[in-house]
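Residue numbers (my numbering): 105 to 195. Backbone N, C-alpha and C define an ideal beta-carbon position, used for all residues, glycine too. Source: prediction; values computed, not measured. Okay, structure first, notes after.
What follows is the structure, encoded as structure tokens:
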């Protein structure tokens, strides 16, 4: 199983947890396992067409999955995924 680090903005959708475990052979499967156990996260993570929302960044062991194989990036037992919502702002 992979460990998923949950950002503060999503914690209400996962019962306040900071870290969860989910199963899957790739990033997409791990995130879908998270959604299966915490359905309120689906709209926050995925767009209507099933792709990762553009404002959500996922890191696998400190590597941005968008520069790897995206949702198809392989995940091994003991890997860590970090969900990091994109921030915007400035003047």
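Rounded separation between residue 151 and residue 124 - CA only: Here residue 151 refers to the residue found at position 47 of the chain shown. Here residue 124 refers to the residue found at position 20 of the chain shown. Going by the C-alpha atoms only, they are around 22 Å apart.
Close beta carbons around residue 177, own chain, < 7 Å, minus the five adjacent residues each side: Within the chain shown, residue 177 is the residue found at index 73, counting from 1. 130, 131, 164 and 169.
Residue 160 (DSSP reduced to helix, strand or coil): By one-based count along the chain shown, residue 160 stands at place 56. In the structure shown, residue 160 sits in a strand (DSSP, three-state: E or B).
Rounded distance between the beta-carbons of residue 189 and residue 160, thought under 8 Å: Residue mapping note: residue 160 aligns to position 56 of the chain shown, counting from 1. Residue mapping note: residue 189 aligns to position 85 of the chain shown, counting from 1. Sure, about 6 Å apart at Cβ, within 8 Å.
Candidates 186, 119, 115 and 148: closest to residue 166 by CA position: Taking the chain shown and counting its residues from 1, one reaches residue 166 at position 62. The residue with the shortest Cα to Cα distance from residue 166 is 186.
C-beta contact flag for residue 138 and residue 127 at 7 Å: As a position in the chain shown, residue 138 is number 34, starting the count at 1. As a position in the chain shown, residue 127 is number 23, starting the count at 1. Contact flag unset, no.
Local Cβ density within 10 Å of residue 106, reported as buried at 16 or more and exposed below that: What you label residue 106 is simply residue 2 of the chain shown in a count that begins at 1. It is buried - the Cβ of residue 106 has at least 16 other Cβ atoms within 10 Å.
Reduced DSSP secondary structure (H/G/I, E/B, other) of residue 189: The count along the chain shown starts at 1 and reaches residue 189 at position 85. Correct three-state label for residue 189: strand.
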